[in-house]
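Each residue of the sequence shown is one higher than the last, beginning at 96 in the working numbering.
All C-beta atoms, glycine included, are put in the ideal place defined by N, C-alpha and C.
Computed from a predicted structure; not experimentally measured.
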Amino acid sequence: LASARSSKDGVEALQSGIDGILKEHVRAAVRQAMPDASALMRNKSRRQQGGSGSLNSPVIPDQLEPQTPSRRDGEQEEGLRSLINNSHSADYYHSKGYAHRKLGEFRKAIECYTIAIEKDGRHFKALFNRGFSHDKLGLYELAIRDYSRALDVDPTNAYAYYNRGISYDRMGDFAAAIENFSEAIRLEPSNADFYHNRGFSNRKLGKYADATRDYTAALELNSRHFKAYYNRAFALDKLGKYSEAVEDYTSALQLEADNANAYHNRGSALEKLGRDEEAIADFSRAIAIDPHNASSYNSRGLVYDKLGMLDKAIEDFTAALQEEGDNAVYFHNRGYCHRNKNNFSLAALDYSRAIELNPDNATAFTNRGYAMRKLGRYVEAIEDYTRSLQLQPDNVKSYNNRGYCYAKLGRYDLAVLDYSEVLRLDPSNNHAYHNRGISYDKLGQYDQVAMRWTHWEISTMLSQTIRGCSSWIL
């Protein structure tokens with residue numbers, strides 16, 4: 096905010112105009128008051144940027160007052176003398192705070208800004224920059240309070256609304272963030288970042304169509320806005336517009352050819368389009384750029400699994416686990432590949448590890464139950480199916496499979512109960528009718544077998560038989 100190019104700030108003038116104006120002892124006094132001015136000068140053109148999938152970080156505008164002309168030499172000299180004569184003014188402490196801020200010393204910066212504000216409660220730049228420093232420390236409520244006070248001083252400052260919007264977004268108040276970004280846009284409609292960040296907050300609210308419109312507006316203002324392409328692609332993917340998402344990720348990669356996340360996300364969109372070989376190629380590029388990205392190994396492994404290339408899939412899931420050894424999903428995915436290779440013991444081990452890491456995953460219990468059933472360990476399978484049903488009470492497959500295990504243990508009475516529950520949830524489940532009939536037969540309840548053959552069941556059986564289905568055993 097305290098622009099080094101702004102003559103009002105005093106710091107640029109202090110550094111650039113000091114030679115030839117003041118004597119050495121005056122320069123020494125100034126250096127003592129402003130020990131970090133040189134760091135400020137080195138960093139005057141830098142802007143804070145976030146990650147590709149994140150908000151642009153709060154911006155300290157290079158020209159807060161772009162319409163203010165530079166002072167002439169005589170005015171610069173007068174400004175220098177005024178600053179020196181009143182070295183403990185609000186501007187003095189603001190300048191010290193700004194130097195600390197540029198060095199990343201945000202707590203020290205806040206101390207200086209606070210003194211400046213105590214001296215002048217309407218010092219816009221001190222309020223603005225203290226808000227920025229609070230935001231950088233994660234103190235978002237304090238940041239919002241400072242930006243609000245700054246806006247009381249200058250309600251026409253677009254950047255104060257913009258930065259306050261960022262703090263609201265980081266607090267999770269996306270609606271308030273959108274309001275602030277919208278006001279910033281109203282005041283300065285030519286700023287692409289304002290549209291981009293409003294799009295980002297819309298995206299977090301699940302308003303992907305609104306987000307797409309905002310990213311498009313940003314790109315109309317700045318056709319080389321990497322984040323706008325990247326995040327519009329993400330929103331388009333969420334809208335099911337995978338081909339358009341691929342196009343946007345491709346445009347983003349033309350701007351940043353070494354962005355692993357863009358390759359990864361394009362690979363995901365390609366996989367959804369059924370372009371599996373291209374998806375594998377993109378995941379491989381992402382891995383080459385960032386060989387420690389577990390998610391890319393996992394995603395490539397899923398495509399390999401889909402293509403039946405189980406050994407390659409297992410290699411990728413193992414590589415993902417080497418990077419993130421406490422990820423339940425990766426253990427579960429590798430277990431599924433072992434299951435598909437009929438390596439049920441290995442599958443059970445992976446499912447067990449997945450359950451240890453996430454004991455509330457019903458699918459992991461169901462799949463471990465399947466592995467135990469295939470291994471003939473019916474008691475353990477029943478335990479797993481029971482736990483799965485506690486977590487997911489309407490799971491037809493779990494009732495069916497547990498009923499089968501009860502039957503294998505000779506508990507036909509319990510098998511009947513499970514198959515009956517299947518039929519309550521899915522009245523057209525022919526498999527359950529068949530197996531319940533067998534269970535009644537094993538119990539010697541022949542009258543139940545006859546009673547259960549309702550008109551609907553007989554009609555269904557005949558229909559299946561006519562279509563050549565051999566699953567019915569009479």
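Quick one: give me the first and last residue of the alpha helix (DSSP H) that Ala352 is part of. What you label residue 352 is simply residue 257 of the sequence shown in a count that begins at 1. Neither: Ala352 is in no alpha helix (DSSP H) and is coded neither H nor E.
Do Ala442 and His433 have their C-beta atoms within less than 8 Å of each other? The sequence position of residue 442 within the sequence shown is 347, counting from 1. The sequence position of residue 433 within the sequence shown is 338, counting from 1. Contact: yes.
Is Asp249 helix, strand or coil when you go by DSSP? Residue numbering aside, residue 249 sits at position 154 when the sequence shown is read from its first letter. DSSP, read as helix, strand or coil, puts Asp249 in coil.
Report yes or no: do the stretch 260 to 279 and the stretch 290 to 302 share at least 3 C-beta pairs separated by less than 8 Å? Yes, since at least three Cβ pairs between the stretch 260 to 279 and the stretch 290 to 302 fall closer than 8 Å, the two stretches touch.
Measure from the alpha carbon of Ser197 to the alpha carbon of each residue in Arg217, Lys231, Ile210, then state which is nearest. Taking the sequence shown and counting its residues from 1, one reaches residue 197 at position 102. The sequence shown places Lys at residue 197, not Ser. Of the listed residues, the one whose Cα sits closest to Lys197 is Lys231.
Classify Ile155: buried if its beta carbon has 16 or more other beta carbons within 10 angstroms, exposed otherwise. Taking the first residue of the sequence shown as position 1, residue 155 is located at position 60. Confidence at Ile155 is low in this model, with a pLDDT of 34, below 50, so its placement is unreliable and the value that follows should be read with caution. In this structure Ile155 is buried. Its beta-carbon is surrounded by 16 or more other beta-carbon atoms within 10 angstroms.
Reduced DSSP secondary structure (H/G/I, E/B, other) of Asn437: As a working mapping, residue 437 is identified with position 342 in the sequence shown. In the structure shown, Asn437 falls within a coil segment according to DSSP collapsed to helix, strand and coil.
Distance check for Ile212 and Ala381, CA to CA, integer angstroms please. Translated into positions along the sequence shown, residue 381 becomes position 286. Translated into positions along the sequence shown, residue 212 becomes position 117. Ala381 and Ile212: Cα-Cα distance of roughly 48 Å.
Could you work out which residue in Glu366, Phe219, Leu282 is closest to Val341 when comparing CA atoms only? Residue mapping note: residue 341 aligns to position 246 of the sequence shown, counting from 1. It is Glu366.
Whole-number beta carbon distance between Phe412 and Ser394, since they are thought to touch under 8 Å: As a first step, residue 394 must be located in the sequence shown, where it is residue number 299. As a first step, residue 412 must be located in the sequence shown, where it is residue number 317. In this structure Ser394 does not touch Phe412 by the C-beta definition: roughly 11 Å separates them, more than the 8 Å allowed.
Using CA coordinates, which residue listed in Lys220, Glu373, Arg531, Met266 is at the minimum distance from Arg506? Taking the sequence shown and counting its residues from 1, one reaches residue 506 at position 411. Ranked by how close their Cα comes to the Cα of Arg506, the residues Lys220, Glu373, Arg531, Met266 have Arg531 in first place.
Taking all protein chains shown into account, decide if Ser523 is buried (16 or more other Cβ within 10 angstroms of its Cβ) or exposed. Taking the first residue of the sequence shown as position 1, residue 523 is located at position 428. By the Cβ neighbour-count rule, Ser523 is exposed, with fewer than 16 other Cβ atoms within 10 Å of its own.
Applying the 10 Å Cβ sphere with the 16-neighbour rule, what's the burial state of Asn224? As a position in the sequence shown, residue 224 is number 129, starting the count at 1. With 16 or more other Cβ atoms within 10 Å, it is buried.
For Gly335, three-class secondary structure by DSSP: Here residue 335 refers to the residue found at position 240 of the sequence shown. In the structure shown, Gly335 sits in coil (DSSP, three-state: anything other than H, G, I, E or B).
Using the rule of at least 16 other Cβ atoms within 10 Å of the residue's Cβ for burial, across every protein chain shown, is Gln127 buried or exposed? Here residue 127 refers to the residue found at position 32 of the sequence shown. For Gln127, the pLDDT reaches just 41, beneath the cut-off of 50, and the residue's location in the model is therefore unreliable, although a value from the coordinates is still provided. So Gln127 ends up on the exposed side.
Out of Ala330, Gly335, Gly362, which has the shortest C-alpha to C-alpha gap to Thr345? The residue given as residue 345 occupies position 250 in the sequence shown. Measuring from the Cα of Thr345, the nearest candidate turns out to be Gly362.
CB Ala330 to CB Thr311, shorter than 8 Å? Position 235 of the sequence shown, counted from the first residue, corresponds to residue 330. Position 216 of the sequence shown, counted from the first residue, corresponds to residue 311. Cβ distance not < 8 Å, so Ala330 and Thr311 don't count as in contact.
Backbone CA spacing between Asn326 and Phe227 [nearest angstrom]: On the sequence shown, position 231 is the one that residue 326 refers to. On the sequence shown, position 132 is the one that residue 227 refers to. A straight-line Cα-Cα distance of about 24 Å links Asn326 and Phe227.
Close Cβ partners of Arg259 (< 8 Å) along its chain, the five nearest in sequence each way excluded: As a working note, residue 259 is residue 164 in the sequence shown. Excluding positions up to five away in sequence, the list reads Gly226, Ala238, Ile239, Tyr242, Ser243, Leu246, Asn275.
For Gly539 and Asp508, I'd like the C-alpha separation in whole angstroms. In the sequence shown, residue 539 corresponds to position 444, counting from 1. In the sequence shown, residue 508 corresponds to position 413, counting from 1. Cα-Cα distance, rounded: 11 Å.
In chain order, what residues of the same chain lie with their CB nearer than 6 Å to the CB of Asn252, ignoring the 5 residues before and after it? Taking the sequence shown and counting its residues from 1, the one referred to as residue 252 is at position 157. Here the set comprises nothing.
Only counting the same chain, and skipping five residues up and downstream in sequence, which positions put a Cβ closer than 6 Å to that of Gly498? Position 403 of the sequence shown, counting from 1, holds the residue named residue 498. Within its own chain, the residues whose Cβ lies closer than 6 Å to the Cβ of Gly498, once the five positions on either side in sequence are excluded, are Ala510, Asp513, Tyr514, listed in chain order.
Is Leu222 near the ligand PLP, judged by its Cβ being under 7 Å from some heavy atom? No copy of the ligand PLP appears in this structure; indeed no ligand is present at all.
Same chain, Cβ closer than 8 Å to Leu518, neighbours up to 5 away in sequence not counted: Taking the sequence shown and counting its residues from 1, one reaches residue 518 at position 423. Answer for Leu518: Asn524, Ala527, Tyr528, Arg531, listed in chain order.
State buried or exposed for Ala352, treating a residue as buried only when at least 16 other CB atoms are found within 10 Å of its CB. In the sequence shown, the residue the question calls residue 352 occupies position 257. By the neighbour-count rule (16 or more Cβ atoms within 10 Å), Ala352 is not buried but exposed.
Quick check on this structure: which residue in His229, Ala328, Val248, Met266 has the alpha carbon closest to the alpha carbon of Gly294? Against the sequence shown, residue 294 aligns to sequence position 199. When only C-alpha atoms are compared, the closest one is Ala328.
As assigned by DSSP and simplified to three states, the class of Gln487: Here residue 487 refers to the residue found at position 392 of the sequence shown. The answer is coil: DSSP assigns Gln487 none of H, G, I, E or B.
Once the 5 residues before and after Gly430 are set aside, which same chain residues still bring their CB inside 7 Å of it? Here residue 430 corresponds to residue number 335 of the sequence shown, with the count starting at 1. Only residues of its own chain outside the window of five on either side were considered, and among them Ala442, Asp445, Tyr446, Ala449, Asn462 have a CB closer than 7 Å to the CB of Gly430, listed in chain order.
Count the other CB atoms within 10 Å of the CB of Arg319; is the residue buried (16 or more) or exposed (fewer)? Residue numbering aside, residue 319 sits at position 224 when the sequence shown is read from its first letter. With fewer than 16 Cβ atoms within 10 Å of its Cβ, Arg319 is classed as exposed.
Does Asn437 pass the burial test, meaning 16 or more other C-beta atoms within 10 Å, or should it be called exposed? On the sequence shown, position 342 is the one that residue 437 refers to. Flag for Asn437 reads exposed.
Which value, in whole angstroms, describes the spacing of the CA atoms of Ala185 and Asp343? Taking the sequence shown and counting its residues from 1, the one referred to as residue 185 is at position 90. Taking the sequence shown and counting its residues from 1, the one referred to as residue 343 is at position 248. Ala185 and Asp343 have their C-alpha atoms roughly 48 Å apart.
Which first and last residues belong to the alpha helix (DSSP H) in which Leu198 is found? Against the sequence shown, residue 198 aligns to sequence position 103. For Leu198, no alpha helix (DSSP H) segment is defined, and its DSSP state is neither H nor E.
Is the Cβ-Cβ distance between Leu334 and Tyr324 less than 8 Å? Counting from 1 along the sequence shown, the entry for residue 334 is found at position 239. Counting from 1 along the sequence shown, the entry for residue 324 is found at position 229. At least 8 Å separates the beta-carbon of Leu334 from that of Tyr324.
With C-beta atoms as the reference, is Ala466 less than 8 Å away from Cys500? The residue labelled residue 466 in the question sits at position 371 within the sequence shown. The residue labelled residue 500 in the question sits at position 405 within the sequence shown. No. Outside cutoff.
Counted within 10 angstroms of its Cβ, other Cβ atoms place Leu484 as buried (16 or more) or exposed: The residue you call residue 484 lines up with position 389 of the sequence shown. Taking all protein chains in view, the Cβ of Leu484 is crowded by 16 or more other Cβ atoms within 10 Å, so the residue is classified as buried.
By the 10 Å Cβ neighbour count, where 16 or more other Cβ atoms means buried, how is Tyr541 classified, buried or exposed? Counting from one through the sequence shown, the residue named residue 541 turns up at place 446. Looking at its Cβ environment, which holds fewer than 16 other Cβ atoms inside 10 Å, Tyr541 is exposed.
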